[in-house]
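I have placed the structure first, in the form of structure tokens, so that the comments after it can refer back to it.
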Amino acid sequence: MTPYSARLGEALGLTPPEIRVLLKGSFLHDAGKLGIPDSILLKPARLDPQEFSVMKTHVDKGTDIVKRSSWLSEGTEVIGYHHEKFAGGGYPRGLTGQEIPITARIFAGADVFDALTSQRPYKKPLTFEEAMGILGQDSGKYFDPAGFSNMGDRLLKLADRVAEERAFHRAYRTARFVRAALGRDSGVLGAAAFAFDEMKRARGEADAETPGDG
Ligand SMILES: [Fe+2]
């Protein structure tokens, strides 16, 4: 969801340093899950209250991890507040509205959109319209409704771009595979030509895909 965060940040007029904070935080938001036992992290069912209270500690664990690094510590703004809710009732601090840093509020919107439109073992991805319907209902509850009016157009354009980029990356991986299979000296041009054909083929299929499932 990092590209979604970045585009929403731009749309909402964040400065370049704020966008840098947003990007670092988006990449690292769940870093603290490294410190959560697999029995909880990978549990295929709903967590019980005791397990959930352990899970909640991933927020402070995450800030502890990144604050040791001078160049990652900017991420603490998103990491430390990414489970707060605009209307209150989030964790770990139960802040509301403007008390939550704007970067964390933007991340929250992007994260929900990404989750709704992604394939998971237990659910199908929602369409763009279905996801935006849910975001519309919930704006104000979980994230900043001031950002919501800009969100639809930006996300729609971005969803198209993500589908295109994923098609490109698939072509790139194929090209690397072919080059490896043919040997190191087979020539970059041959691989590039193959990649180009593959990219055109993949783009034909890209419309049927949804962003975020890979
Ligand atoms: Fe989290």
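Here our numbering is used: the first residue of the sequence shown is 461, the next is one more, and so on. The C-beta atom is built at its ideal place from N, Cα and C for all residues, glycine as well.
Length of the line joining the Cα atoms of residue i and residue j
| i | j | result |
| --- | --- | --- |
| PHE512 | LYS583 | 21 Å |
| GLU590 | SER599 | 14 Å |
| LEU595 | VAL572 | 8 Å |
| PHE586 | ALA471 | Note on identity: in this sequence residue 586 is Leu, with Phe being the wrong assignment. The alpha-carbon atoms of LEU586 and ALA471 are separated by roughly 24 Å. |
| GLY554 | ALA547 | 9 Å |
| LYS527 | ASP508 | 30 Å |
| THR556 | MET461 | 23 Å |
| LEU649 | GLY550 | Low confidence applies here, because LEU649 scores a pLDDT of 48, under 50, leaving its location unreliable and the question unanswered by this model. |
| PRO561 | ILE479 | 12 Å |
| PHE603 | THR577 | 17 Å |
| LYS484 | THR523 | 12 Å |
| THR475 | MET592 | 26 Å |
| SER529 | ILE539 | 14 Å |
| LYS601 | ALA575 | 17 Å |
| GLU559 | LEU488 | 21 Å |
| LEU482 | GLN579 | 24 Å |
| TYR541 | ASP498 | 23 Å |
| GLY473 | GLU537 | 18 Å |
| PHE588 | GLY469 | 20 Å |
| ARG506 | PRO477 | 38 Å |
| LYS678 | GLU544 | Nothing about residue 678 can be reported from this structure: the residues present for the chain run from 461 to 674 only. |
| ILE525 | PRO552 | 17 Å |
| SER486 | GLN510 | 27 Å |
| GLN597 | ALA570 | 15 Å |
| SER646 | ILE496 | Per-residue confidence for SER646 stands at a pLDDT of 48, beneath the threshold of 50, marking its modelled position as unreliable; no derived number is given. |
N-terminal and C-terminal residue of the alpha helix (DSSP H) that residue i is part of
| i | result |
| --- | --- |
| PHE603 | PHE603 -> no alpha helix (DSSP H), and no H or E assigned at all. |
| LYS484 | 476-488 |
| SER465 | 462-471 |
| PHE573 | 562-577 |
> Which residues are close to ligand 1, meaning CB closer than 6 Å to any heavy atom, in chain order?
Replying inline: So the residues near ligand 1 by this Cβ test are HIS489, ASP490, HIS518, HIS542 and HIS543.
| task | Assess, as a yes-or-no matter, whether the segment 484-499 is touched by the segment 517-534 under the definition of 3 or more beta carbon pairs within less than 8 Å. | result | In short, these stretches touch, since the Cβ pair count reaches three.
Report yes or no: do the segment 528-547 and the segment 502-513 share at least 3 C-beta pairs separated by less than 8 Å?
Between the segment 528-547 and the segment 502-513 there are fewer than three inter-stretch CB-CB distances shorter than 8 Å, so the stretches are not counted as touching.
Would you be able to state if there are at least three C-beta pairs under 8 Å between the segment 562-574 and the segment 463-474? By the Cβ rule, the segment 463-474 counts as touching the segment 562-574, because three or more pairs are nearer than 8 Å.
Complete runs of the alpha helix (DSSP H) confined to the segment 492-535 [at least 4 residues]
Segments of the alpha helix (DSSP H) lying fully in the segment 492-535: 498-501, 509-516 and 518-526.
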